[in-house]
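Under the UniProt record's numbering, residues 2 to 329 are what the sequence shown spells out, in order.
We put the CB at the ideal spot given by N, CA and C, even for glycine.
Note that this is a predicted model, so its numbers are computed, not measured.
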Amino acid sequence: ALVSLRQLLDHAAEYSYGLPAFNVNNLEQMRAIMEAADKVDAPVIVQASAGARKYAGAPFLRHLILAAIEEFPHIPVVMHQDHGTSPDVCQRSIQLGFSSVMMDGSLKSDGKSPADYDYNVDVTRTVVNFAHACGVSVEGEIGCLGSLETGMAGEEDGVGAEGVLDHSQLLTDPEEAAQFVKDTGVDALAIAIGTSHGAYKFSKKPTGDVLRIDRIKEIHARIPNTHLVMHGSSSVPQEWLKIINEFGGDLGETYGVPVEEIVEGIKHGVRKVNIDTDLRLASTGAVRRFLAQHPAEFDPRKFLKVSTDAMRDLCIARYEAFGSAGQA
Ligand code: G3H
Ligand code: 13P
Ligand code: NA
Ligand code: ZN
2 ALVSLRQLLD HAAEYSYGLP AFNVNNLEQM RAIMEAADKV DAPVIVQASA
52 GARKYAGAPF LRHLILAAIE EFPHIPVVMH QDHGTSPDVC QRSIQLGFSS
102 VMMDGSLKSD GKSPADYDYN VDVTRTVVNF AHACGVSVEG EIGCLGSLET
152 GMAGEEDGVG AEGVLDHSQL LTDPEEAAQF VKDTGVDALA IAIGTSHGAY
202 KFSKKPTGDV LRIDRIKEIH ARIPNTHLVM HGSSSVPQEW LKIINEFGGD
252 LGETYGVPVE EIVEGIKHGV RKVNIDTDLR LASTGAVRRF LAQHPAEFDP
302 RKFLKVSTDA MRDLCIARYE AFGSAGQA
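Structure, rendered in structure tokens:
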């Protein structure tokens with residue numbers, strides 16, 4: 002059944018668990034997520050980015066999610082629009098049937114330049130007004146995602162600020178977060194606490210805390226009834242990096258957010274955990290290995306099947322680690 006983000010996150014808060022929100026672009030990702038959720042009895046959040054709409058086309062994406070709901074009627078599914086760059090984009094998604102939208106007003110409508118507080122409040126409040134009138138949930142964002150190491154947003158293109166950001170932009174201010182929730186009425190709030198989008202998050206193997214758990218605690222203490230969202234939450238599995246490079250790939254040394262730290266964040270109010278890169282890595286690794294080991298194979302269903310299985314196993318691991326297994 003299609004449900005709103007608010008419904009799922011209220012339940013997650015009541016029972017103190019977190020939900021992975023996986024990005025979806027194609028049939029294989031959609032199937033992997035649903036097979037995983039079905040196996041461990043987890044509720045589902047799938048989200049579509051602007052890049053996904055460009056790749057698959059909005060109607061195909063919409064029907065992919067509707068097909069998942071039809072095939073797995075016993076699993077609650079949130080159809081969420083990731084990183085909306087304007088109220089218009091969010092309105093279009095609501096018209097298409099999305100049950101949740103993100104208005105990312107931390108950046109201007111180009112999706113690159115950091116926006117000021119008043120702009121963010123203005124666009125986000127506009128979206129909250131029309132979305133809530135339709136029973137659709139809204140996620141906002143305060144603070145800009147980027148590496149505390151370099152100040153860079155982390156992705157060459159796609160979602161993220163351009164240029165170098167300073168620490169005051171890269172860490173969400175608890176006072177400002179509280180004011181923002183008061184000014185906008187968002188259901189969920191994405192915060193900047195040390196993560197960035199993409200595969201290149203940390204250049205050295207994390208030894209201690211990469212997340213600013215202290216900051217999560219401070220924010221959660223100020224706004225205990227707002228569900229916190231962590232973007233850039235891929236863990237960049239070293240085993241998949243190794244497989245990709247072993248079978249013809251060329252990825253540099255890089256590390257993601259350790260799963261144990263995400264679990265720590267969940268203990269302090271993080272409810273929605275955005276993951277895209279990890280599914281990309283698992284999929285690419287599985288396909289590279291399969292094609293290298295089966296050079297005479299040319300039926301795409303064969304290599305797409307191993308891609309689906311690899312993504313499914315990753316989803317299962319996250320549902321179990323975040324405590325969402327058994328909650329559907
Ligand atoms: O937040 C960013 C997601 O990883 C989506 O990336 O714009 O390449 O689809 P994309
Ligand atoms: P990753 O790039 O870490 O998977 O983050 C995805 C994300 O935040 C989507 O909004
Ligand atoms: Na989002
Ligand atoms: Zn994101």
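Classification of residue i by the beta-carbon crowding that lies within 10 angstroms, buried from 16 upward
| i | result |
| --- | --- |
| residue 55 | exposed |
| residue 299 | exposed |
| residue 228 | buried |
| residue 30 | buried |
| residue 302 | exposed |
| residue 226 | exposed |
| residue 50 | buried |
| residue 119 | exposed |
| residue 17 | exposed |
| residue 81 | buried |
| residue 165 | exposed |
Beta carbon of residue i nearer than 8 Å to that of residue j
| i | j | result |
| --- | --- | --- |
| residue 21 | residue 319 | yes |
| residue 230 | residue 140 | yes |
| residue 200 | residue 255 | yes |
| residue 124 | residue 104 | yes |
| residue 101 | residue 86 | no |
| residue 205 | residue 196 | no |
| residue 144 | residue 170 | yes |
| residue 273 | residue 329 | no |
| residue 259 | residue 211 | yes |
| residue 266 | residue 220 | no |
| residue 327 | residue 19 | no |
| residue 45 | residue 79 | yes |
| residue 9 | residue 77 | yes |
| residue 308 | residue 277 | no |
| residue 249 | residue 191 | no |
Cut-off 8 Å between Cβ atoms - residues of its own chain near residue i, not counting five sequence neighbours on either side
| i | result |
| --- | --- |
| residue 163 | 113, 114 and 154 |
| residue 137 | 5, 95, 99, 100, 101 and 102 |
| residue 314 | 37 and 283 |
| residue 126 | 184, 185 and 186 |
| residue 65 | 25, 27, 28, 31 and 57 |
| residue 263 | 19, 212, 231, 234, 236, 271, 274, 322 and 323 |
| residue 72 | 35 |
| residue 122 | 106, 181, 184 and 185 |
| residue 253 | 201 |
Element boundaries [alpha helix (DSSP H), containing residue i]
| i | result |
| --- | --- |
| residue 96 | 88-97 |
| residue 62 | 59-72 |
| residue 299 | Per DSSP, residue 299 belongs to no alpha helix (DSSP H) and is neither H nor E. |
| residue 329 | Per DSSP, residue 329 belongs to no alpha helix (DSSP H) and is neither H nor E. |
| residue 26 | Careful: residue 26 lies outside any alpha helix (DSSP H) and carries neither H nor E. |
| residue 221 | 214-223 |
| residue 12 | 6-15 |
| residue 168 | 168-171 |
| residue 129 | 118-134 |
| residue 264 | 260-268 |
Same chain, Cβ closer than 6 Å to residue i, five either side skipped, listed in chain order
| i | result |
| --- | --- |
| residue 233 | 146, 196, 197 and 198 |
| residue 244 | 286 and 290 |
N-terminal and C-terminal residue of the beta strand (DSSP E) that residue i is part of
| i | result |
| --- | --- |
| residue 191 | 189-192 |
| residue 83 | 78-85 |
| residue 46 | 45-49 |
| residue 271 | 271-276 |
| residue 143 | 138-143 |
| residue 228 | 228-231 |
| residue 102 | 101-104 |
Close beta carbons around residue i, own chain, < 7 Å, minus the five adjacent residues each side
| i | result |
| --- | --- |
| residue 92 | 131 |
| residue 317 | 37, 40 and 41 |
| residue 14 | 228 and 272 |
| residue 63 | 97 and 98 |
| residue 207 | 256 and 259 |
| residue 135 | 95 |
| residue 337 | Nothing in the structure corresponds to residue 337, since the chain is present only between 2 and 329. |
| residue 83 | 24, 48, 49, 50 and 103 |
Rounded distance between the beta-carbons of residue j and residue i, thought under 8 Å
| i | j | result |
| --- | --- | --- |
| residue 216 | residue 280 | 27 Å between Cβ atoms; not a contact. |
| residue 70 | residue 3 | 6 Å |
| residue 168 | residue 218 | The Cβ separation is near 18 Å, so there is no contact. |
| residue 33 | residue 312 | 4 Å |
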